[in-house]
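**Student:** If you want the working numbering, it's the position in the sequence shown, counting the first as 1, plus 24.
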Amino acid sequence: MRRLCAVWLAAAFVSCVPLPPLSFLEGADVAPPVVTELRLRSPVELEVRFDKPVRLVSGPLHAETVSVEAVSAIEDHLLFVFDPAPSPAQQHYVEAQVADAAGNNLRFVARFYGLNAMLPAMLINEFITKSSTNHGEFVEIRILTDGNLAGASLHEGTPDDWDQRFVFPSVDVEAGDYVVVHFRPQGIPEEINETTDTSASGGRNASAEAWDFWVEGGTGLSSNNGVLTLTENPLGGYIDAVLYSNRTSDSDERYRGFGSRKVMDRADDIVAAGAWVAAGSAVAPEDAIDSSLSTATRSMSRASDGRDTNSAADWHITPTRGSTPGGENTDEVYDS
25 MRRLCAVWLA
35 AAFVSCVPLP
45 PLSFLEGADV
55 APPVVTELRL
65 RSPVELEVRF
75 DKPVRLVSGP
85 LHAETVSVEA
95 VSAIEDHLLF
105 VFDPAPSPAQ
115 QHYVEAQVAD
125 AAGNNLRFVA
135 RFYGLNAMLP
145 AMLINEFITK
155 SSTNHGEFVE
165 IRILTDGNLA
175 GASLHEGTPD
185 DWDQRFVFPS
195 VDVEAGDYVV
205 VHFRPQGIPE
215 EINETTDTSA
225 SGGRNASAEA
235 WDFWVEGGTG
245 LSSNNGVLTL
255 TENPLGGYID
265 AVLYSNRTSD
275 SDERYRGFGS
285 RKVMDRADDI
295 VAAGAWVAAG
305 SAVAPEDAID
315 SSLSTATRSM
325 SRASDGRDTN
335 SAADWHITPT
345 RGSTPGGENT
355 DEVYDS
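Encoded structure:
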């Protein structure tokens, strides 16, 4: 009966004739539960939280690439327990059905990645956004502590709005290592994603000392205006982010000068997440790394001491041919 009432309410919005009030619905709860949060409480526990208390009707109805050992309803959330722990380098799905105290049902699918408790501390360290015959766009990551990269994700954009991304496989790394993600591969056999041998890959800008990875079908990076984010998994958990632009607040009356809603919204997202800082009440192009003097060999480079204030103050443009993918950054600054 509860579902029928919901259908009636929807039909009332499209009726051409006024309908009498449905008095038996006055004060009734006809809204189904809503999923408000997914989080991994441990490598083997997934919590699905709702906007109201729920009971489990049926579940799991379906589970893909994971084995559910148990599932239970505890007040306003479900707790899934897995055995073994889901892989952090792969997306998983679980489906279940819940109901609230009024009998409103919700059937949902939760998608998630396994928890990687071995993720290292790391930073976006250097990047090129303009290509040439001999140089393709890349993003370099500096590894600060020992760990494993499985599931970590590098986006052109943000986890919720991206153009291209790379999800890392399981790779054991050490403090002092460098990772280079190439965004404009040539599609040649030498472009190998390195998981055990840093010298296995060839191709433009490949490093014999760094871990090289290639974005399948990559088309390069936005040349002058964009956002790059590094997250714990493809769905979020910010590790680092950068904003770069050659524009100003006066470049365009729309979108606060960013030139597009896409870049403006992405800039807002990383500031809201605490991954970048704005000088004013709203992030502006002046808060970004100035990309105007960068080229295919003049990279946007973090200071070699690795300082991280989540701002453009950490960054500079290297001299011509000063790009160092897979190696320590130069602190020399391009002098125009």
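Backbone N, C-alpha and C define an ideal beta-carbon position, used for all residues, glycine too.
Bear in mind that the values here come from a model prediction, so they are computed numbers and not experimental data.
Could you say if the region 290-299 and the region 316-333 meet the contact criterion of at least three C-beta pairs nearer than 8 Å?
**Tutor:** Output reads no: the region 316-333 does not touch the region 290-299.
**Student:** Report the residue from Gly283, Pro112, Leu80 whose alpha carbon sits nearest the alpha carbon of alanine 141.
**Tutor:** If we check each option's Cα against that of alanine 141, Pro112 comes out closest.
**Student:** Aspartate 187 lies in the alpha helix (DSSP H); which residues open and close that run?
**Tutor:** Run containing aspartate 187: none in the alpha helix (DSSP H); it sits in the beta strand (DSSP E), 185-191.
**Student:** Could you give the distance in angstroms between the alpha-carbon of valine 58 and the alpha-carbon of aspartate 184?
**Tutor:** Cα to Cα, the separation comes out at about 19 Å.
**Student:** What residues in its chain sit with their C-beta under 8 Å from that of phenylalanine 237, if we drop five residues either side in the sequence?
**Tutor:** The residues are Phe190, Phe192, Val203, Val204, Val205, His206, Asn217, Glu218.
**Student:** In three-state terms, what does DSSP make of glutamate 180?
**Tutor:** The answer is strand: DSSP assigns glutamate 180 an E or B state.
**Student:** Quick one: measure Cβ to Cβ for tyrosine 137 and leucine 259, integer angstroms, because I've assumed they're closer than 8 Å.
**Tutor:** About 6 Å; that satisfies the 8 Å criterion.
**Student:** Could you check how far apart the C-beta atoms of glutamate 214 and glycine 226 are, in whole angstroms? I think they sit under 8 Å.
**Tutor:** Rounded, the Cβ-Cβ distance is 3 Å, consistent with contact.
**Student:** Would you mind reading off the limits of the alpha helix (DSSP H) that contains aspartate 293?
**Tutor:** Note, aspartate 293: alpha helix (DSSP H), 285-296.
**Student:** Per DSSP, what kind of secondary structure is arginine 228 in: helix, strand or coil?
**Tutor:** It is coil, neither helix nor strand.
**Student:** Is the beta carbon of alanine 134 closer than 8 Å to that of valine 68?
**Tutor:** Cβ distance not < 8 Å, so valine 68 and alanine 134 don't count as in contact.
**Student:** If I measure Cβ to Cβ from proline 209 and keep anything under 6 Å in the same chain, skipping five residues before and after, which residues do I get?
**Tutor:** Within the same chain, proline 209 has close Cβ partners Glu215, Trp238, Gly242.
**Student:** Kindly indicate which three-state DSSP category alanine 265 falls into: helix, strand or coil?
**Tutor:** In the structure shown, alanine 265 sits in a strand (DSSP, three-state: E or B).
**Student:** Please name the residue, chosen from Tyr358, Gly298, Val307, that lies closest to leucine 317 on a Cα-to-Cα basis.
**Tutor:** Comparing Cα-Cα distances from leucine 317 to each of Tyr358, Gly298, Val307, the minimum goes to Tyr358.
**Student:** Grab the span of the beta strand (DSSP E) containing serine 66 for me, first residue to last.
**Tutor:** It spans 59-66 - the beta strand (DSSP E) in which serine 66 sits, taken as one unbroken run.
**Student:** Near lysine 76, which residues of its chain fall below 7 Å by C-beta distance, leaving aside the five closest residues on each side in sequence?
**Tutor:** Excluding positions up to five away in sequence, the list reads Pro57, Asp100, Asp124.
**Student:** Let me know the secondary structure DSSP gives arginine 166 once reduced to three states.
**Tutor:** Looking at arginine 166 - three-state DSSP - the assignment turns out to be strand.
**Student:** Would you call leucine 85 buried or exposed, if buried means 16 or more other Cβ atoms sit within 10 Å of its Cβ?
**Tutor:** Per the 10 Å Cβ criterion, exposed.
**Student:** Answer yes if the region 112-121 comes into contact with the region 86-95, meaning at least three C-beta pairs across the two stretches below 8 Å, and no otherwise.
**Tutor:** Yes, since at least three Cβ pairs between the region 86-95 and the region 112-121 fall closer than 8 Å, the two stretches touch.
**Student:** Are isoleucine 152 and glycine 200 touching if we call contact CB-CB under 8 Å?
**Tutor:** Not a contact, by the Cβ cut-off of 8 Å.
**Student:** With a floor of 3 residues, list each beta strand (DSSP E) that falls wholly inside the region 308-334, ordered by position along the chain.
**Tutor:** The region 308-334 contains these whole beta strand (DSSP E) runs: 324-326.
**Student:** Determine, using beta carbons only, whether valine 307 and isoleucine 148 come nearer to each other than 8 Å.
**Tutor:** No.
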